[in-house]
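Under this note's numbering, think of the first position of the sequence shown as 890, with each following residue one higher.
Don't be surprised by glycine CBs; every beta carbon is placed ideally from N, CA and C.
Fair warning: this is a prediction, and the values are worked out from it, not measured in the lab.
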Amino acid sequence: MANSKRFYITTPIYYPSADLHIGHTYCTVATDVMARYKRQRGFDVMFLTGVDEHGLKIETAAAKEGLEPKEFLDRIVAGILDMWKLMNISYDRFIRTTDDYHVKAVQKIFRELYERGAIYKGKYVGKYCVPCESFWTETQLENGKCPDCGRDVQDAEEEAYFFKQSEYGERILELYERQQDFLTPKSRINEMVNNFIKPGLEDICVSRTSFKWGIPVDFDAGHVVYVWVDALFNYMTALGYMNDAHNDLEHYWPADVHFVGKEIVRFHSILWPAMLMALELPLPKQVYGHGWLTIDGQKIGKSLGNAVDPYVFAERYSVDALRYFLMREFAFGQDGDFTWERMLTRINSDLANNLGNLVARTLAMQDKYGIASDADKTAPEFRTLMSETCAEFDAQMEKFAFQSALQAVFGALDRTNKYVDETTPWTLAKDESKRGELETVINTLRFAIEIAAYLLTPFMPDTAAQIQAQLNGAERAALFPRIDVKKELEYLTQNG
């Protein structure tokens, strides 16, 4: 039986890019935040991420470097793992679609779909976007280009197997109606219905014969499995579906939520449930299609020449500052326009002036006035405030509204900073008869900081640990030194 206190969350498995940028970190940091939050609340969490390693674009990229695809991939995947280590990503399992157990499982899955009559052999004639690994009809193109990435498509004509996706339009609509939160935010449902389902779902090509780098169809030589069939089933093969490498499918499936970028929502909310329906398997509980990080309205990407290097950011301002900025500055379900100035201003206002300054002031006064820690000496107003803050934080986190959750915490910190100015502990310290009031003020500040640090742990795990250590007597150090914005902008313009 499924454990009600278990939580299975996934990122999409990523295309293995050698040029990692800040956009790659966005979804993974959000997934990590949610996984840490659920663990903190006592859930048995499985956080899955990985790499999607098959397809024509991999074969082409490897050939350009004179390498075999696997040799090319091994080098790049090492870089991805280094990035997740840098960003403090606490994944529980990492899958590569070249892993033997996954390859064999996908071959079994493809065969079963065929034997159930969900797949048939035919000929594909249409358009194909290599970077997106997406098939398109002429009517779906925008100005003759891929509607997802805006790049050129190529003519494709080859023998192929097709999945009977056209048969599942009504069932997908019923799914959206029956399971209201299957696809969120709600705007994503409108996109899927109006752009794909209402115009009429078409059968989708699920094998290729024009290149070799893919999982071979084991009953028809020359065919390799289409990457999106291969990639989507990672969510189950990584738990042991159709293989014995893992054995926790029954415990964790169905997934509680797949976090995916909006450009691949159609695969996750149409093709994925349709294939699961064909196999009579339980569907994931939710697909959340988040927005993009953009610069001047354009999606961040190396090919567009607007990528931001997370290593520069993390080394200069800390990983936690980057994690915080990504989750605080932008509403997760919407696009967010990145600028260095926004980032520096946010670090100064929230992390240096608000959080960092409050911790420093509180500990300095505690030391100067010799105030002992006593949790019982907390102003009732702040017990209420922090209790309400915790409730609001939890409510927003359950909706994946990370920005709103952080707003609740920093709203409480704003109030706490004002409390310092209202009570003027430096004045109280001059009057021995007000010693009790002074102790209440300092302990109230400690209380608010401790609760805030607890809530911030999923977002800024290292910072939260540093705050707790300092509260417990560790050496004092500035959490986030104030930034000279003008000077930093000059540096980042040249190096970012």
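Beta-bridge pairing of residue i - partner residues as DSSP gives them
i	result
PHE1221	Beta-bridge pairing links PHE1221 to no other residue.
LEU1096	Residue 1096 is actually Ser in this sequence, not Leu. Partner(s): VAL1114.
THR899	LEU937 and HIS1147
ASP1041	LYS1034
SER1023	CYS1018
ARG1087	Note that residue 1087 is Lys in the sequence shown, not Arg. According to DSSP, which records beta bridges pairwise, LYS1087 is partnered with nothing at all.
LYS1010	TYR1050
PRO1105	VAL1113
ILE984	GLY939
THR1073	TYR1177
ASP1226	THR1183
Integer Cβ distance of residue i from residue j, believed to fall under 8 Å
i	j	result
ALA1134	TYR990	4 Å
TYR1050	VAL1095	5 Å
PHE1369	LEU1240	4 Å
TYR1177	PHE1289	6 Å
ILE902	ALA1120	6 Å
LEU962	PRO905	6 Å
TRP1025	VAL1014	Actually they are not in contact, since the Cβ atoms of TRP1025 and VAL1014 sit about 12 Å apart, beyond 8 Å.
PHE999	VAL1116	Not quite, the Cβ-Cβ distance comes to about 12 Å (not below 8 Å), so this is no contact.
VAL1374	THR1234	7 Å
ASP941	THR986	6 Å
PHE1221	PHE1291	5 Å
THR1278	ALA1301	4 Å
GLY939	PHE983	5 Å
VAL1118	ARG1097	Contact doesn't hold; Cβ gap of about 11 Å is too wide.
Cβ shell of residue i (< 7 Å), same chain only, five flanking positions each side left out
i	result
LEU1128	HIS1135, ASP1137, LEU1138, TYR1141 and TRP1142
PRO1314	MET1254, LEU1327, VAL1330 and ILE1331
PRO1173	PRO1143, ALA1144 and HIS1147
PHE1271	THR1333, PHE1336 and ALA1337
LYS993	ASN1132
ALA1342	ALA1353, ILE1356 and GLN1357
GLU1218	GLY1225, ARG1231 and ARG1235
SER1414	Any property of residue 1414 remains undetermined from this structure, which presents the chain solely from 890 to 1385.
GLN1383	none
ALA1203	LEU975 and LEU1211
Alpha-carbon to alpha-carbon, residue j and residue i
i	j	result
PRO1171	ALA1144	9 Å
ASN1195	PHE1122	Only weak support exists for where ASN1195 lies, its pLDDT of 48 falling under 50; the value from the coordinates is given anyway. Approximately 32 Å, taken between the alpha carbons.
TYR1213	TYR1308	25 Å
GLY1245	ASN1237	9 Å
GLU1080	LYS1257	60 Å
LEU1381	ALA1045	43 Å
ILE1340	ALA1249	16 Å
VAL918	PHE1156	22 Å
GLN1285	GLU1152	25 Å
TRP1102	LYS1012	20 Å
PHE1227	TRP1181	10 Å
GLY1058	LEU1345	42 Å
MET1131	LYS974	30 Å
LEU1378	GLU1066	48 Å
LEU1391	TYR1003	This structure leaves residue 1391 out entirely; the chain is present only between 890 and 1385.
ARG930	LEU1072	25 Å
THR1352	ALA1366	11 Å
PHE936	LYS1010	36 Å
LEU1247	THR1305	8 Å
LEU1252	GLN1359	8 Å
VAL922	GLU1048	44 Å
GLY1039	SER1158	22 Å
HIS943	ILE1086	28 Å
VAL1392	LYS1376	The first residue shown for the chain is 890 and the last is 1385, placing residue 1392 beyond what the model contains.
GLU1027	MET976	41 Å
PRO1036	VAL1154	13 Å
LEU1193	VAL966	Unreliable positioning characterises LEU1193 in this predicted model, as indicated by a pLDDT of 48, which lies under 50. A coordinate reading is not provided.
TYR1206	GLY1259	33 Å
LYS997	ASP1303	57 Å
Close beta carbons around residue i, own chain, < 6 Å, minus the five adjacent residues each side
i	result
PRO1199	ILE911 and THR914
LYS1053	ALA1007 and ASP1092
LYS1016	TRP1025 and VAL1042
GLU878	The chain is shown only over 890 to 1385; residue 878 falls outside these bounds and no answer can be derived.
Same chain, Cβ closer than 8 Å to residue i, neighbours up to 5 away in sequence not counted
i	result
SER1055	GLY1089, LEU1090, GLU1091 and ASP1092
PHE1282	ALA1294, ALA1297, VAL1298 and LEU1344
ARG1005	ALA1167 and LEU1168
GLU948	PRO958, PHE1100, LYS1101 and TRP1102
LYS1323	LEU1317
Min CB distance residue i to chain D below 9 Å
i	result
ASP1107	Protein chain content of the structure displayed is limited to a single chain, and chain D is not contained in it.
Residue ranges of each beta strand (DSSP E) within the segment 908 to 977, 3 or longer: 933 to 940
Which runs of the beta strand (DSSP E) fall wholly inside the segment 1259 to 1322 and span at least 3 residues, in chain order? none
My parser needs the beta strand (DSSP E) runs of 3 or more residues fully inside the segment 1139 to 1206; what are they? 1146 to 1150, 1176 to 1179 and 1182 to 1184
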